[in-house]
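Just so we're aligned, residue 311 is where the first sequence starts under this note's numbering, counting upward by one.
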Amino acid sequence: MKERYDFDEIEIKWQKYWSERGLHKAETDASKKKFYCLEMFPYPSGKIHMGHVRNYAIGDVIARYKRMRGFNVLHPMGWDAFGLPAENAAIKHGVHPAKWTYENIGYMKKQLDRMGLSYDWGREVTTCSPDYYKWNQWFFLKLYEKGLAYKKASFVNWCPSCATVLANEQVIDGACWRCDSAVVQKELEQWFFKITAYAEELLQGCDELKGWPERVVAMQKNWIGKSEGVEVDFPLADAGGITDEKLRIYTTRPDTIFGVTYMCIAPGHPLTERLVTDKDSLETIKNKYGNQEEKEGLFTGHHSVNPLTGEKIPVYVANFVLMEYGTGAIMSVPAHDQRDFEFAKKYGLPIKTVIIPEDRAEEQKSGRAEEKEMNEAFEGEGVLINSGKFNGLKSEEAKREIAGFIEEKAFGKRMVNYKIRDWGISRQRYWGTPIPIIYCDKCGIVPVPEKDLPVVLPEDVSFTGKGGSPLLESDRFLNVKCPSCGGNAKRETDTMDTFVDSSWYFIAYCLKDDIDLKFQISNFKSLIDYWMPVDQYIGGIEHAVLHLLYSRFFTRCVRDFGVVSAGEPFRNLLTQGMVCKETWKCPDHDWLFPEEVKDGKCVHCGKQVEKGRIEKMSKSKKNVIDPDALIKKYGADTMRLFSLFAAPPERDLEWSDKGVEGAYRFLNKVWGIVYKNKGKGQELSSLIAHSLSPIASSLLRKTHQTIRKVTDDIEKDYHFNTAIAALMELVNEISSFNPEREEDRAALDFAVRNTLMMLAPFAPHFAEELWEAAGGNPSVLEQPWPEWDETLAKDEEIELVVQINGKLRARMLAPAGLTDEDARQRALQEERVKEMLDGREIKKVIVVKGKLVNIVLG
RNA sequence: GCCGGAGUGGCGGAAUUGGUAGACGCAAGGGACUUAAAAUCCCUCGGAGCUUGCUCUGUACGAGUUCGAGUCUCGUCUCCGGCACCA
311 MKERYDFDEI
321 EIKWQKYWSE
331 RGLHKAETDA
341 SKKKFYCLEM
351 FPYPSGKIHM
361 GHVRNYAIGD
371 VIARYKRMRG
381 FNVLHPMGWD
391 AFGLPAENAA
401 IKHGVHPAKW
411 TYENIGYMKK
421 QLDRMGLSYD
431 WGREVTTCSP
441 DYYKWNQWFF
451 LKLYEKGLAY
461 KKASFVNWCP
471 SCATVLANEQ
481 VIDGACWRCD
491 SAVVQKELEQ
501 WFFKITAYAE
511 ELLQGCDELK
521 GWPERVVAMQ
531 KNWIGKSEGV
541 EVDFPLADAG
551 GITDEKLRIY
561 TTRPDTIFGV
571 TYMCIAPGHP
581 LTERLVTDKD
591 SLETIKNKYG
601 NQEEKEGLFT
611 GHHSVNPLTG
621 EKIPVYVANF
631 VLMEYGTGAI
641 MSVPAHDQRD
651 FEFAKKYGLP
661 IKTVIIPEDR
671 AEEQKSGRAE
681 EKEMNEAFEG
691 EGVLINSGKF
701 NGLKSEEAKR
711 EIAGFIEEKA
721 FGKRMVNYKI
731 RDWGISRQRY
741 WGTPIPIIYC
751 DKCGIVPVPE
761 KDLPVVLPED
771 VSFTGKGGSP
781 LLESDRFLNV
791 KCPSCGGNAK
801 RETDTMDTFV
811 DSSWYFIAYC
821 LKDDIDLKFQ
831 ISNFKSLIDY
841 WMPVDQYIGG
851 IEHAVLHLLY
861 SRFFTRCVRD
871 FGVVSAGEPF
881 RNLLTQGMVC
891 KETWKCPDHD
901 WLFPEEVKDG
911 KCVHCGKQVE
921 KGRIEKMSKS
931 KKNVIDPDAL
941 IKKYGADTMR
951 LFSLFAAPPE
961 RDLEWSDKGV
971 EGAYRFLNKV
981 WGIVYKNKGK
991 GQELSSLIAH
1001 SLSPIASSLL
1011 RKTHQTIRKV
1021 TDDIEKDYHF
1031 NTAIAALMEL
1041 VNEISSFNPE
1051 REEDRAALDF
1061 AVRNTLMMLA
1071 PFAPHFAEEL
1081 WEAAGGNPSV
1091 LEQPWPEWDE
1101 TLAKDEEIEL
1111 VVQINGKLRA
1121 RMLAPAGLTD
1131 EDARQRALQE
1141 ERVKEMLDGR
1151 EIKKVIVVKG
1161 KLVNIVLG
């Protein structure tokens, strides 16, 4: 054993050892209790960043801990390898996306290994490999067969910079989730997955997600956006009266239906073109569709009739009415809807109050209420007025009664609506899974037969960045024979959204070694069912709706194909916080690296530098830390330890260079202890607490207490920061421990060994090396997790706290097992306490067992 | 606007079911060792007061419940995240 802690040598040594021994291989064995630990796989962008480091360090601790607890652990890793950056690199540097991607994977894999992560690489998944995306295509065909994949023309979100379509979930504040460009609307034909068919199940399933952070569940529910209401048909009227034609609306407020004073339809509504004669004005409205600044309307010149009142009301086209939600038409109740109110004011439409707050209902009865000018709509619930036979009902009742009445009279029916839209998966790019569809002039849309899978991306393409998808230029890809009639046909040239790839990769990991299955994937159901669902999933919050919702949907789809039994893919979810760091900004030179700042001044121009906020690490803000450099300076174990110690996993972590040094110091301290005591270890099996010296028994107690604390912290909510703090406390105690007798040495050895075992998931190489040096048989990771003895963990003495009227007045040492009466007596006998009582009347005395006595004075 | 979450020393963060606020780490100050520095070790470290080991005060703010509140209840403020013309 070296005197100095040589992390580089140690880390390489043990990485080699683990890999040669195949310690991280997961074998399917139904007799063992499994634990599936998964971290979100990375996009192979080139190098890993601190966000990855934190994510994977957390996952690795869990995986290693669970292994020591005797679980059969599956801890895989792979690559979310399709996507735009590869294609952009191809355009910019002329390197093929596949070459670029695989080179990045090669480098990043080395980085992950250098971190000492315990992955079973035998199950590695690379989504851009035909072996993998073949199954995307197979799932697509299955979905198509079941009507869950379909094609339609619609207005879609178009990112001009990425030159492709985005799903609703991928538009953040009107901008592209990837490049932040403003998204525009464009009409396109594209493929959809019918996630709406599972909307209700996905919503119901939210209640099962007990192991998920509440806010993620809330975001998912919000996104699905269920609402319950009524669809009502309003007949259109012409000069001669009611026609057969009906305008169908959706409302969640049937209790306000007597207050309807006009109707609005979306510019894209099928009736719009027919009703409106002034095409120029209609065009203007269409252009303002979705414009949030101002509500614009256009009277169609037509009226409809409120089926409940018989009132004739005007029909408008309005830019704020969405075609995508409900029926694309609304009944407008300006008195009780702020949007309708604003619109009514602007166009001078009548406002009819039909709901009043309950407290005003009384005044109304006695006729005291005055019609006041309204400044805004009353959107709350209350009591109905001006509503015929429903007058006097409360909103809630009225909703039920009126909905019932509408159904009874066949004016309409109750209806549930969801905000969630079907998932548009077509992307007009090359580097993705080809959609296995062929277009034949004679036969129309023809799915590629299963036997012809995979449809492989052609190599003979060039990347110019101009025009459409490179796939359009590949004759060999594009021109095919129709599988149905044999005639000339063309392939679909769109590829799938990469979120399809990541919607089932966790299932792919369950298949041993190679997922290029020659058989049906469903033949492997028992294998998949052994591992699924994922017991612990760890990743960033940014996927709260995107990837996590798609995966929940997709897992249900493949469940229905007989691939897996579980519908919910992730039992427990940990969303780790961001890795942040302070930023520096120069008025002339923008963001600066820390080394570009000297004494608060910019090294380029000498101007005063502004210390910016603490923000998520990003290259553009120049506040990144390079994991490679960190490993070079301190080693992987220090890097891991600090990123686990600085904050609990779910919270944002503020990077601190000084803090890293603190973690490094801690490891060096442990190293020094083991070095100093090497070869002096004693057998501890003969240790019996009562025969020990006071110092030995105290150290023994602290060790058991630490095992309890560390185990609890990990088990409860993965609060590694406090677990590590507890280990530091124990190490502090060990380091000031001076053994005098044989049994002191044994106690010391016991404490050290247990420290190393508990340290193993956090700083695995370090723990292995010292475990070996301390005479243990490798590997420390194959040791069972230490158990604590409740008796030995018990304090012999406690500090008894005495309060008077709830204020701390004295502390004293007392034997641990003292009775309440004993505690009470001791407290009352205490000199200081006596002094303070000074003959005053004691009202009562409260004793908290083994902890505290509170004397309440009158 | 709606839905979440948070607010504790100079800083990151601890604190079981309501029971000693500030564990652990960082920074800072003092000391030991050293020719010196680094490293290491020891001590101090929320604020105020003085008689230096004690008092008062202190967990965003204001009330309340309780023998006792960082923790529970109500109200207010601030910050962060998500959704947002969804009828």
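Just so it is clear, CB atoms sit at the ideal spot from N, CA and C, and this is done for glycine as well. As the structure is a computational prediction, the values presented were derived from the model and not from experiment.
Delimiting residues of the alpha helix (DSSP H) encompassing residue i
i: Thr411; result: 407-424
i: Gly850; result: Not the alpha helix (DSSP H): Gly850 falls in the beta strand (DSSP E), residues 846-850.
i: Trp814; result: Careful: Trp814 lies outside any alpha helix (DSSP H) and carries neither H nor E.
i: Met1067; result: 1052-1069
i: Ser779; result: Looking at the DSSP string, Ser779 is not in any alpha helix (DSSP H), and its letter there is neither H nor E.
i: Ser642; result: Here Ser642 belongs to no alpha helix (DSSP H); instead the beta strand (DSSP E) covers 639-642.
i: Ile712; result: 705-718
Neighbour-count burial assignment, residue i, 16 or more Cβ in a 10 Å radius
i: His646; result: buried
i: Ala477; result: buried
i: Tyr460; result: exposed
i: Leu1054; result: Correcting the residue identity first, residue 1054 is Asp in this sequence and not Leu. That one is buried.
i: Thr637; result: buried
i: Glu593; result: exposed
i: Met311; result: exposed
i: Pro1094; result: exposed
i: Ala1033; result: buried
i: Lys931; result: buried
i: Ser1001; result: exposed
i: Gly380; result: exposed
i: Val363; result: buried
i: Ile1156; result: exposed
i: Arg374; result: buried
i: Gln325; result: buried
i: Val1158; result: exposed
i: Arg678; result: Unreliable placement is indicated for Arg678, whose pLDDT of 49 sits below 50; the coordinate value is still reported in the next sentence. So Arg678 ends up on the exposed side.
Whether residue i touches residue j by CB criterion (8 Å)
i: Tyr740; j: Leu763; result: no
i: Ile572; j: Pro624; result: At residue 572 the sequence reads Tyr, which differs from the Ile that was named. Cβ atoms of Tyr572 and Pro624: closer than 8 Å.
i: Met360; j: Trp965; result: yes
i: Ser779; j: Thr803; result: yes
i: Glu321; j: Ala946; result: yes
i: Phe688; j: Glu397; result: no
i: Ile1152; j: Leu1162; result: no
i: Pro545; j: Ser614; result: yes
i: Val980; j: Leu1080; result: yes
The beta strand (DSSP E) enclosing residue i, as first and last residue numbers
i: Asp543; result: 537-548
i: Ile748; result: 747-750
i: Ile575; result: 572-575
i: Pro624; result: 622-628
i: Trp445; result: Careful: Trp445 lies outside any beta strand (DSSP E), inside the alpha helix (DSSP H) at 440-455.
i: Leu883; result: 883-886
i: Asn469; result: Checking the sequence shown, residue 469 turns out to be Cys, not Asn. It spans 459-469 - the beta strand (DSSP E) in which Cys469 sits, taken as one unbroken run.
i: Cys753; result: Neither: Cys753 is in no beta strand (DSSP E) and is coded neither H nor E.
i: His1029; result: Premise fails: His1029 is in no beta strand (DSSP E) and is neither H nor E.
i: Glu497; result: 494-503
i: His857; result: Careful: His857 lies outside any beta strand (DSSP E), inside the alpha helix (DSSP H) at 856-870.
i: His612; result: 607-615
i: Lys699; result: Note, Lys699: premise wrong, no beta strand (DSSP E); not H, not E.
Integer Cβ distance of residue i from residue j, believed to fall under 8 Å
i: Met378; j: Ala1035; result: Not confirmed; about 20 Å, so no contact.
i: Lys917; j: Asp898; result: 6 Å
i: Val810; j: Ile735; result: 6 Å
i: Thr743; j: Tyr443; result: 4 Å
i: Asp936; j: Met888; result: The Cβ separation is near 17 Å, so there is no contact.
i: Ile482; j: Trp733; result: Between Trp733 and Ile482 the Cβ distance is about 16 Å, and since that is not below 8 Å, they are no contact.
Every unbroken beta strand (DSSP E) within the region 873-915, with a cutoff of 3 residues, ordered by chain = If we require 3 residues or more, the beta strand (DSSP E) runs fully inside the region 873-915 come out as 883-886, 889-896, 900-902.
Only counting runs of 3 or more residues, tell me where the beta strand (DSSP E) segments fall wholly within the region 1092-1164, in order along the chain.
-> The qualifying runs are 1107-1114, 1117-1125, 1152-1158.
In chain order, each beta strand (DSSP E) run of at least 3 residues that lies wholly inside the region 918-992 | For the region 918-992, the full-length beta strand (DSSP E) segments reaching 3 residues or more read 920-926 along the chain.
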